[in-house]
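Going by UniProt numbering, the residue at position 222 of the sequence shown is 222; the numbering climbs one at a time, nothing skipped.
Every residue, glycine too, gets a C-beta built ideally from N, C-alpha and C.
Predicted model, so just to flag it, every value in this text is computed and none were measured.
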Amino acid sequence: MRHPFTSSHSNVVLIRNFTFTAVYILCFVAVNPSLVFSSTTTSLKTLQVHGNFTFERNEFASRDFGNRIHFLPSAVLHPVKVSDIASTIKHVWQMGPDSGLTIAARGHGHSLQGQAQALQGIVINMESLGLQEKMQVYSGKSLPYVDVSAGELWINVLRESLKHGLSPKSWTDYLHLTVGGTLSNAGISGQAFRHGPQISNVYQLEVVTGKGAVVVCSEEKNADLFHAVLGGLGQFGVITRARIPLEPAPKMVKWIRVLYSDFSTFTRDQEHLISAENTFDYIEGLAIVNRTGLVNNWRSSFNPEDPVRASQFVSDGRTLFCLELTKNFNPDEAADVDKEIKSLLSQLNYIPSTLFVTEVSYIDFLDRVHLAEHKLRSKGLWDIPHPWLNLLVPKSKMHVFAEGVFGKIVTDTNNGPVLVYPVNKSKWDNRTSFVTPDEDIFYVVAFLPHAVPSSTGENSLEYLLSVNQRILDFVEEADLGVKQYLPHYKSQEEWQRHFGSRWEVFARRKSDYDPLAILAPGQGIFQNPISVL
């Protein structure tokens, strides 16, 4: 078998010298969008690719899960081979900076702020590549792994791996996302305290840089590019293939929920569990603020046979905290795992009467959000605006954060869950582009509301966005050292503050791998420049 890896809406254009040694210059260029579109379509129609381009109004490429930003591209590439992506990027690179063209790789479109869009540019439909590039599982006893297209969905990686009794180690809560999409961000779920995020669980990548070069990279080969693209927000190259380590997969999961009324006890128990040698396999928490009924969102699915008991935590105007845990096992280990769970729970200080345990298959647990998606789609509650806000809060500031946010700013969680759970920084590779708070333990705090269409008051998009801004203003004024996950900023100065001391490396990598700022314009980090020498 052959080894698979051997083979603007603005008229202001920022002119930069990406060696970052020259003075920045501003140039105001009157851009006629119709001329840009005509030039793009004409040049791309002459480009030889195995897949195809589409040039009509590409509505799907101008939408995402956030459902707030809608930028139409000039063209969409539907690749069937990596060479299609390389040829397209190289073509734009060779056109030079005067073209002003940008390129965005779009996976399953789960971004929130138009990060996978390219106004009047080119969007690459990465799922098209995933349909063509075969997945290969190597199940040897030593270091098993899967080689997979970056356009493949994680749910398909799981299904194929399970055929060999194997599974990746680290997940996101929602598996209907592409491999390249999550690796360009981080990929965080309740396993991250033990295994780190998905970007800490990669052996090797194939990447197409902003110059159109196809590069295989790993910790041993082209290591700078390897670490740059992991968590790199698409700025340095398009990930086209990944090698993901696997481990033996369990067949079943014990799924547990308990409640707390005291935040200090809740966080103390979580921190104990993520630091213990013998612990659960998945640990996440939720804040339940002034809950009055069933949450109509993806977190409401727990036990298909008893969804109300499992999901309808009514807090009667109070703030409660839910700890969600799992223990993996195989059927012949059921008795032993029950004893182990009982021992672990005896170390915790939850409200005893709130203990709820169910048993599901491993794949049903990991794919739990998709089951809820079907329910939400049937009610018209999936393709609506999602003004989400994801933060990483240092452990030492978590109680200040909770006091200022829960109850004072977030007055209820009826229109979306609030996740609160700690992870260990030691499991994160600090050579990647991802930035974390400067403490050994930090909390993932995710506000995941949905805005009800045509609603007013606390269910409206405007109100939810104002709540997000109040939270951001609070953490800024209190100087809590918080970092955004899936970050969104409006200026490069804000991005520089986000990266802090790591900005110089981030900017140097941009200069090395995408000096014309062709890639991922929707992130808003670098402007597509006209060259200056």
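Would you mind giving the Cβ-Cβ distance between residue i and residue j, rounded to the nearest angstrom? I have them listed as a contact below 8 Å.
i: V216; j: T240; result: That belief does not hold up - the Cβ atoms of V216 and T240 are roughly 10 Å apart, past 8 Å.
i: L448; j: W388; result: 5 Å
i: residue 572; j: V445; result: In the structure displayed, the chain extends from 1 to 533; residue 572 sits before or after that span and is not available.
i: G234; j: A520; result: 3 Å
i: V360; j: V253; result: 6 Å
i: L286; j: V418; result: 6 Å
i: A105; j: V423; result: With a Cβ gap of about 27 Å, A105 and V423 do not count as contacting.
i: K483; j: G196; result: Rounded, the Cβ-Cβ distance is 16 Å, inconsistent with contact.
i: Q204; j: H488; result: That pair is no contact at about 30 Å.
i: V123; j: V76; result: 5 Å
Taking DSSP as the reference, what is the three-state secondary structure of residue i?
i: V29; result: Summary for V29: the model assigns pLDDT 33, below 50, so the residue's position carries little reliability, and this model does not support an answer.
i: R243; result: strand
i: V467; result: helix
i: A75; result: strand
i: residue 550; result: No statement about residue 550 is possible, as the shown extent of the chain runs from 1 to 533 and does not include it.
i: A334; result: helix
i: I518; result: coil
i: E206; result: strand
i: T319; result: strand
i: F236; result: coil
i: D512; result: helix
i: E324; result: strand
i: S426; result: helix
i: V505; result: helix
i: T413; result: coil
i: Q136; result: strand
i: K342; result: helix
i: S149; result: strand
i: T41; result: helix
i: R390; result: According to the sequence shown, residue 390 is Asn rather than Arg. Here N390 sits in strand by DSSP.
CA-CA distance, residue i and residue j?
i: P331; j: I283; result: 22 Å
i: D514; j: E458; result: 42 Å
i: K90; j: F71; result: 23 Å
i: S466; j: H110; result: 22 Å
i: D473; j: L376; result: 32 Å
i: S433; j: Y443; result: 19 Å
i: A334; j: S343; result: 14 Å
i: M398; j: N468; result: 17 Å
i: L516; j: Q492; result: 16 Å
i: Q136; j: S43; result: 36 Å
i: S301; j: R368; result: Because S301 sits at a pLDDT of 43, beneath the cut-off of 50, its placement in the model cannot be relied upon, and the point is left open.
i: L325; j: I441; result: 19 Å
i: W93; j: T102; result: 10 Å
i: T413; j: F263; result: 16 Å
i: V148; j: K134; result: 7 Å
i: A61; j: E462; result: 24 Å
i: V23; j: V410; result: At V23, the pLDDT of 27 sits below 50, so the modelled position is not reliable; the number obtained from the coordinates is stated separately. Cα to Cα, the separation comes out at about 44 Å.
i: G404; j: E59; result: 40 Å
i: residue 614; j: Q115; result: Residue coverage of the chain in this structure runs from 1 to 533, which leaves residue 614 outside it and unanswerable.
i: N297; j: V452; result: In this predicted model, N297 has a pLDDT of only 36, less than 50, meaning its place in the structure is not dependable enough to derive any value.
Can you tell me where the alpha helix (DSSP H) with residue i in it begins and where it stops?
i: V369; result: 368 to 378
i: I155; result: 154 to 162
i: T88; result: 82 to 95
i: V179; result: 179 to 183
i: L225; result: 223 to 229
i: residue 555; result: This structure cannot speak to residue 555, because the chain is shown only from 1 to 533.
Relative to the C-alpha of residue i, which candidate in the options has its C-alpha closest?
i: F236; options: H227, I155, A478; result: H227
i: H450; options: Y489, N52, W154, L464; result: L464
i: Y362; options: I124, S83, L119, P168; result: P168
i: C322; options: L355, N290, V258, D338; result: V258
i: Q132; options: P197, S83, L348; result: S83
i: P385; options: G66, R57, L47; result: G66
i: D429; options: E359, L129, V202, I124; result: V202
i: H370; options: A402, G180, N156; result: N156
i: V185; options: G232, E160, H164; result: For the sequence presented, residue 185 should be read as Asn rather than Val. Ranking the options by Cα distance to N185, first place goes to G232.
i: E206; options: T413, K81, N58, A61; result: K81
i: D479; options: L129, D173, S396, S378; result: S396
i: A242; options: N290, T178, I274, S275; result: T178
i: Q270; options: K221, L345, K163; result: L345
i: G190; options: F280, D364, S139; result: F280
i: R497; options: L162, P437, T456, H374; result: P437
For the beta strand (DSSP E) holding residue i, just list the boundary residues, first then last.
i: P288; result: Note that residue 288 is Ile in the sequence shown here, rather than Pro. Taken as a continuous stretch (DSSP letters only), the beta strand (DSSP E) holding I288 covers 282 to 289.
i: M252; result: 252 to 260
i: R106; result: 103 to 106
i: I274; result: It is not in any beta strand (DSSP E) - I274 instead sits in the alpha helix (DSSP H) that spans 263 to 275.
i: F447; result: 441 to 447
i: V123; result: 122 to 125
i: Q484; result: 483 to 485
Got a sec: is the Cβ-Cβ distance from residue i to anything in chain C below 8 Å?
i: L233; result: Protein chains in the displayed structure number just one, and chain C is not present.
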